[in-house]
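S.K.:
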Amino acid sequence: KQRNNREDNAIIKEGSVPISFAENKNKLAQKDTDARWTTKNNEKHFGYKNHINADKETKLINNYSLTNASTHDSVELENLVKEKDKILYADSAYRSKQIEKHLKEIKCTSKVHEKGYRNKPLTESQKKNNSDKSKIRGRIEHIFGFMTNSMNDALHLRQIGQQRIATTIGLVNLTYNLFRFEQLIRLKIV
């Protein structure tokens, strides 16, 4: 827990370091000024996000990036999806004209979920298409489930600072790939 007062939190949210932290190096060493708050399913989370690009067949992580928790997932898409990627499976948060344009430029097929709107709900065929896409997307969620359950909650990190967290996340992703590669060899999938 950071236990900052409201004034310090306001300064941190602006991207600056409060004077009281800067004057006291020991206090600054205990405060994470890079992390941010986000809300997911009505729960508040403080920290960072591990964004991944994984292979749908092998579930190996091909690429990853780390951002603070308040960064929207779609912002990192251009950093993760490259020209070698043929198809993108993603939820409706990734549906935008800008993303569709980027995917066309790199010749990547979009399998992004369709989004319903207040006066224009999804048709039955759109719901079925989304359900089919979810079967592939679910394989990616297994990666985070494995990190949580089989790797002793590996994404619950206690380090302070984005640089340290980035190093640890890189090692967690690498360790996951080693576990997964062993499974693929043992099960004779590759």
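Per UniProt numbering, the sequence shown starts with residue 1, numbered consecutively.
Even for Gly, the Cβ is constructed at its ideal location relative to N, Cα and C.
(1) Considering Cα atoms alone, identify which of Ser65, Asp73 and Glu57 is closest to Thr38.
(2) Is it true that the region 139-158 meets the region 51-58, where meeting means three or more beta-carbon pairs spaced less than 8 angstroms apart?
(3) Any idea if His113 is buried or exposed, counting beta-carbon neighbours within 10 angstroms, 16 or more meaning buried?
(4) When you compare only the Cα positions, how much space is there between Asn62 and Thr175?
(5) Please identify the residue among Glu23, Leu60, Asn24 and Lys31 whose C-alpha is closest to the C-alpha of Asn9.
(6) With burial defined as no fewer than 16 other Cβ atoms inside 10 Å of the residue's Cβ, what is the status of residue 196: buried or exposed?
(7) In chain order, what residues of the same chain have a beta carbon less than 6 angstroms from the beta carbon of Lys27, not counting five sequence neighbours either side?
(8) Among Asp132, Glu14, Thr67 and Thr58, which one has its Cα closest to the Cα of Leu178?
(9) With DSSP collapsed to three states, give me the class of His45.
(10) Can you tell me whether Leu103 is buried or exposed? The criterion is at least 16 other CB atoms within 10 Å of its CB, across all chains shown.
(11) If you drop the 5 nearest sequence neighbours on each side, which residues of the same chain put their C-beta closer than 7 angstroms to that of Lys115?
(12) How far does the alpha helix (DSSP H) with Ala29 in it reach, from first residue to last?
(13) To the nearest angstrom, how far is the alpha carbon of Ser16 from that of Glu76?
(14) Where does Val17 sit, in a helix, a strand or coil, going by DSSP?
(15) Start and end of the beta strand (DSSP E) containing Tyr176?
(16) Using CA atoms only, rank isn't needed, just tell me which of Arg137, Asn173, Ile136 and Ile160 is closest to Thr148.
M.R.: Put simply:
(1) Sequence index remark: in the sequence shown, residue 38 carries index 38 (1-based). Just measuring C-alpha positions, the residue of Ser65, Asp73 and Glu57 sitting nearest Thr38 is Asp73.
(2) Flag = yes, the region 139-158 and the region 51-58 touch.
(3) Position 113 of the sequence shown, counted from the start, is the residue given in the question as residue 113. Here His113 is buried: its Cβ has 16 or more other Cβ atoms, across all protein chains shown, within 10 Å.
(4) For this step, residue 62 is matched to residue 62 along the sequence shown. For this step, residue 175 is matched to residue 175 along the sequence shown. Roughly 13 angstroms between the two C-alpha positions.
(5) Position 9 of the sequence shown holds residue 9. Closest by alpha carbon: Lys31.
(6) In the structure displayed, the chain extends from 1 to 190; residue 196 sits before or after that span and is not available.
(7) Translated into the one-based positions of the sequence shown, residue 27 becomes position 27. Same-chain partners within the cutoff: Phe21.
(8) Taking the sequence shown and counting its residues from 1, one reaches residue 178 at position 178. Comparing Cα-Cα distances from Leu178 to each of Asp132, Glu14, Thr67 and Thr58, the minimum goes to Thr58.
(9) One-based indexing of the sequence shown puts residue 45 at position 45. Residue state, collapsed to three classes: strand.
(10) In the sequence shown, the residue the question calls residue 103 occupies position 103. Buried, because 16 or more other Cβ atoms sit within 10 Å of the Cβ of Leu103.
(11) As a first step, residue 115 is located in the sequence shown; it is residue number 115 there, counting from the start. Cβ neighbours of Lys115 beyond the five flanking positions: Ser92 and Arg95.
(12) Numbered from 1 along the sequence shown, position 29 holds the residue referred to as residue 29. Ala29 -> alpha helix (DSSP H) spans Lys25 to Ala29.
(13) By 1-based counting over the sequence shown, the position of residue 16 is 16. By 1-based counting over the sequence shown, the position of residue 76 is 76. Their backbone Cα atoms lie some 23 angstroms apart in a straight line.
(14) Counted from its first residue, the sequence shown places residue 17 at position 17. Residue state, collapsed to three classes: coil.
(15) Within the sequence shown, the letter at position 176 stands for residue 176. Where Tyr176 is concerned, there is no enclosing beta strand (DSSP E), although the alpha helix (DSSP H) it sits in stretches over Gln162 to Arg186.
(16) Along the sequence shown, one-based indexing puts residue 148 at 148. A check of alpha carbon separations from Thr148 across Arg137, Asn173, Ile136 and Ile160 identifies Asn173 as the nearest.
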